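A quick write-up on the structure given underneath.
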Ligand code: ATP
Ligand code: MG
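Residue numbers (this note's numbering): 50 to 647.
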């Protein structure tokens with residue numbers, strides 16, 4: 050492809066709000082153009098890379114035995130009502146507007162396709178003889194993301210590969226899941242992404258029911274914990290650490306002592322006044338819970354208080370806490386669970402916000418949820434349940450109960466840097482990451498809700514056992530740039546580069562230079578190498594800048610000086626070192642490296 054006949058609107062302009070390298074570089078390289086918040090056009094160069102990613106994804110899905118289909122973006126609201134996901138999705142589910150009675154208010158733009166695929170499955174997959182099967186599509190999704198950001202990393206319209214497996218039993222699902230997991234590893238390796246698969250929140254199935262594929266980079270919005278040994282990696286939402294050693298009991302701990310701490314409601318201020326480290330403080334967090342309480346056949350509305358305790362240097366993990374609370378309230382259907390309002394806190398503690406403590410709480414709250422590390426503390430500080438006062442020498446088990454029908458000891462905190470991994474005790478580090486893919490064992494969540502059953506070997510109806518597997522294609526492109534760039538531009542892995550090779554003519558007005566360059570381009574194309582030929586009548590420096598920016602990995606530069614010696618220059622974008630060689634040698638190099646990368 051000749052540059053002068055293609056469309057690569059490179060620009061020096063950087064979007065004002067752009068901080069992620071992929072965002073800046075994709076705009077500057079003329080790959081994408083924003084149309085509206087969260088909606089981007091893929092310009093020809095960007096589209097070439099997107100299509101290459103798509104080809105790799107399709108290739109691996111096909112190789113794994115998944116079968117491609119295509120489902121509509123327009124979906125009736127009614128199937129979302131069947132699964133009860135209208136509420137759960139909230140504003141993410143985009144609904145069309147229109148007058149009442151019109152078709153539009155009953156139509157949504159698909160953010161994902163579990164409902165649609167299950168509708169298909171219940172129509173056709175009605176015998177064990179048709180199973181297992183895995184159906185996938187590569188298709189545009191729409192989500193009402195509140196804050197689209199970082200270029201194409203988070204948009205309201207994006208391309209997803211979503212696959213759905215259907216099995217007759219749990220071992221079947223495990224096998225289908227493993228196939229997808231392995232295919233994902235191959236996809237991300239082929240795309241040149243330094244990825245890790247981490248344990249993710251798995252919902253109702255538990256165990257190893259969900260993994261996210263993460264690319265470590267500061268541009269990511271997710272946080273993952275990885276052990277130094279490499280044996281453990283988990284999303285922060287789910288990551289746990291080894292349980293602390295049991296506490297040493299109250300022996301030798303002085304009686305509680307009140308200390309005047311005026312205005313010091315925050316942990317760091319209190320620690321300054323008390324002269325102790327945050328790790329010796331107990332943070333007392335109050336939550337309001339609103340639920341429907343089932344009592345025999347009766348259901349009554351109920352509101353209560355949950356108090357959670359974590360060490361002063363730890364943060365509550367709201368996902369873990371919510372799970373513990375749900376398990377601790379088996380007869381309640383929780384409608385709302387959130388940080389208590391200041392009024393509610395004052396009512397519970399008789400003190401202003403910032404002075405709550407666990408002592409004496411057990412009689413007033415509905416559940417006292419104690420983090421494992423708090424239960425193991427000795428001689429701690431905490432709020433005094435009295436405005437402007439804290440207490441020293443608080444001893445778990447003595448000054449508040451740790452075993453009590455209303456007390457639960459559990460892991461309810463976020464792991465922190467240096468925590469011991471739960472599998473081998475190796476210290477963990479925390480890193481930001483981009484989620485590029487997600488595999489999930491759904492079980493019967495959707496088949497139950499939508500009555501998608503099959504007749505098993507005994508001729509009895511049973512719900513289909515499902516898995517779902519998503520990959521964000523646009524995120525792969527952006528994550529690849531986040532992992533492969535320098536201050537001058539993108540450094541594409543050959544496999545997903547918009548062009549594999551770039552031939553630059555430094556002296557386009559020189560007939561011999563142009564002839565050699567054009568010939569190299571034609572020969573590369575003939576050898577099946579995607580080649581861009583910069584035939585523009587521009588200064589060498591300008592061309593090199595653009596070349597570095599768009600990041601074509603393999604480059605041959607043809608100029609008068611070297612050609613006088615019968616040579617051209619070959620270089621690789623990622624190291625930038627120029628090697629002089631004959632055109633024939635350069636041709637062979639590029640072909641070898643381009644083909645080698647496939
Ligand atoms: P996130 O937590 O980042 O919002 P998600 O967990 O909601 O993503 P899934 O429903 O698991 O995403 O979708 C599968 C894949 O689709 C994700 O792993 C990601 O690669 C991609 N994806 C999801 N949301 C977006 C988006 N708004 N823009 C671009 N890609 C997305
Ligand atoms: Mg996800």
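Glycine residues also receive a C-beta, built at the ideal position from the N, C-alpha and C atoms. Since the model is a prediction, treat every value here as computed from it, not as a measurement.
- Spanning the alpha carbons of residue 312 and residue 294 requires a straight line of approximately 35 Å.
- Here the alpha carbon of residue 621 sits roughly 10 Å from the alpha carbon of residue 600.
- Counting along the chain, residue 645 sits inside the alpha helix (DSSP H) bounded by residues 632–645.
- Remark: three or more beta-carbon pairs, one from each stretch, lie closer than 8 Å, so the stretch 255–273 and the stretch 482–497 are flagged as touching.
- In this structure residue 330 is not in contact with residue 408, their Cβ atoms being roughly 14 Å apart against a cut-off of 8 Å.
- Straight-line measurement puts the Cα of residue 115 at about 27 Å from the Cα of residue 645.
- Residue 354 counts as buried, since no fewer than 16 other beta carbons sit within 10 angstroms of its beta carbon.
- In this structure, the CA atom of residue 275 is about 52 Å from the CA atom of residue 557.
- Look at residue 52 here: in three-state DSSP terms it is helix.
- In the DSSP assignment, no residue is bridged to residue 373.
- In the three-state reduction of the DSSP assignment, residue 174 falls in the coil class, being assigned neither a helical nor a strand state.
- Taking one beta carbon from each stretch, the stretch 280–293 and the stretch 409–417 have fewer than 3 pairs nearer than 8 Å; the two do not touch.
- Each of 318, 615, 520 and 66 was checked against the Cα of residue 161, and the nearest Cα belongs to 520.
- Burial check for residue 614: the Cβ neighbour count within 10 Å stays below 16, so the residue is exposed.
- Within a 10 Å sphere around the beta-carbon of residue 281 sit 16 or more other beta-carbons, which makes this residue buried.
- If the five residues before and after residue 635 are omitted, its C-beta is found closer than 6 Å to the C-beta atoms of 605, 617 and 619, all from its own chain and listed in chain order.
- The DSSP-derived three-state label of residue 445 is strand.
- Under the Cβ criterion (8 Å, minimum of three pairs), the stretch 164–177 counts as touching the stretch 128–141.
- Selection 382, 326 and 328 evaluated against residue 344 yields 382 as nearest (Cα-Cα).
- Cα atoms of residue 346 and residue 380: separation of roughly 11 Å, rounded to the nearest angstrom.
- Look at the stretch 380–433 and you find these whole runs of alpha helix (DSSP H), each 4 residues long or longer: 391–398 and 421–424.
- Checking the 8 Å criterion, the Cβ of residue 190 is within range of a heavy atom belonging to the ligand ATP.
- No residue range can be given for residue 364, since it is assigned to no beta strand (DSSP E) and is classified by DSSP as neither H nor E.
- The nearest non-hydrogen atom of the ligand ATP is less than 8 Å from the C-beta of residue 197.
- Annotation: the stretch 131–178 contains the following complete segments of the alpha helix (DSSP H) (minimum length 4 residues), in chain order: 134–138 and 163–173.
- One alpha carbon belongs to residue 470, the other to residue 62, and they sit about 45 Å apart.
- Using a C-beta cut-off of 8 Å, the stretch 500–508 makes contact with the stretch 168–178, since at least three inter-stretch Cβ pairs fall below that distance.
- Assigned with DSSP and collapsed to three states, residue 330 falls in strand.
- Inclusion of residue 523 in the 8 Å shell around the ligand ATP follows from its C-beta lying nearer than that to a non-hydrogen atom of the ligand.
- Inter-residue distance for residue 511 and residue 494 is about 13 Å (C-alpha atoms, whole angstroms).
- Per DSSP, the beta-bridge partners of residue 538 are 535.
- Taken in chain order, the unbroken stretches of alpha helix (DSSP H) that lie wholly in the stretch 176–248 and span 4 residues or more are 219–239.
- For residue 452, the number of other beta carbons within 10 angstroms of its own is below 16, and it is reported as exposed.
- For residue 203, the CB falls within less than 8 Å of some heavy atom of the ligand ATP.
- Nearest C-alpha to residue 574 among 640, 106, 224 and 358: 640.
- Counting along the chain, the unbroken alpha helix (DSSP H) around residue 102 starts and ends at 93–112.
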